[in-house]
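Undergrad: The end of the sequence shown is residue 1576 by my numbering, with every number in the run present.
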Amino acid sequence: LTIQGLEGSIIQMISHGLVSSGLFFSIGCLYDRYHTRFINYYGGLAHTMPLFCIALFIYVLANMSIPGSSSFVGEILILTGIFEDNTTTAVFATIGMFLGGIYSLLFYNRICYGNIQNIYLKIYYDLTYREFLIHLILIANIFLLGLYPKIFESCLHESVSKILIHIDFSYFY
């Protein structure tokens, strides 16, 4: 348990709230239009909903922890803390991150690319003004935390240090 690991986990929780909210909101936008959650129903949405697909792509990349996103900051700090304590666990965590990235890209590919699977997908429109504004706010916060993490780290450092001082590490080992 290190300062970097604990700070990273807190930042990752905040980031997860932003990125997961964006992903769930995106699926909610699709459900409002098409009334199904089956991924196989979709395909080729980049032709009819380009703004939606751009927003979804940003969430998928943030979910994969690309540099500049809030997830990247959290996961780098977490992995730094894990590598200091247990290298084997860090290797398994890295493999899990890699597999999660593959899943995210496959998810995005099935929804946005390929031929339009259903004739009803051509009927609907791209993002509404309300949806666009919500996506914009979430994406701006993802990049704000990713590009300027000191906003939270400066607040967290003192609290995390106090927590680590009061933990009895002999209990864990």
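Ideal Cβ positions, reconstructed from N, Cα and C, are used throughout, including at glycine.
1. Under the assumption that R1513 contacts I1442 (Cβ atoms under 8 Å), give the Cβ distance between them as a whole number of angstroms.
2. Would you kindly work out how many angstroms separate the C-alpha atoms of E1561 and L1567, rounded to a whole number?
3. Rounded to whole angstroms, how far is the Cβ of V1476 from the Cβ of I1413, which I believe are closer than 8 Å?
4. Tell me the rounded alpha-carbon separation between Y1528 and L1404.
5. Using a 10 Å radius around the Cβ and a threshold of 16 neighbouring Cβ atoms, would you call P1552 buried or exposed?
6. Express the C-alpha separation of C1432 and G1504 in angstroms, rounding to a whole number.
7. With a cut-off of 8 Å, does the C-beta of P1470 fall near any C-beta of chain B?
8. With distances taken between CB atoms, is the gap from G1484 to Q1407 smaller than 8 Å?
9. Here's the rule: buried if 16 or more other CB atoms are within 10 angstroms of the residue's CB, otherwise exposed. What is C1558?
10. Work out the CA separation of K1565 and C1515 for me, nearest whole Å.
11. Can you list, in chain order, the residues of its chain with a C-beta nearer than 6 Å to that of L1459? Leave out the 5 residues immediately preceding and following it.
12. Distance, Cα to Cα, A1493 vs V1463?
13. Hey, would you say L1541 sits closer than 8 Å to S1423, going by beta carbons?
14. Buried or exposed: where does L1530 fall if 16 or more other Cβ atoms within 10 Å of its Cβ makes it buried?
15. Restricting to runs no shorter than 4 residues, where is the alpha helix (DSSP H) found entirely within the stretch 1477–1517?
TA: Put simply:
1. 5 Å
2. 10 Å
3. Not really, about 11 Å apart at Cβ, beyond 8 Å.
4. 49 Å
5. buried
6. 23 Å
7. Among the chains of the structure shown, chain B does not appear; only one protein chain is present.
8. yes
9. exposed
10. 47 Å
11. S1429
12. 23 Å
13. no
14. buried
15. 1490–1515
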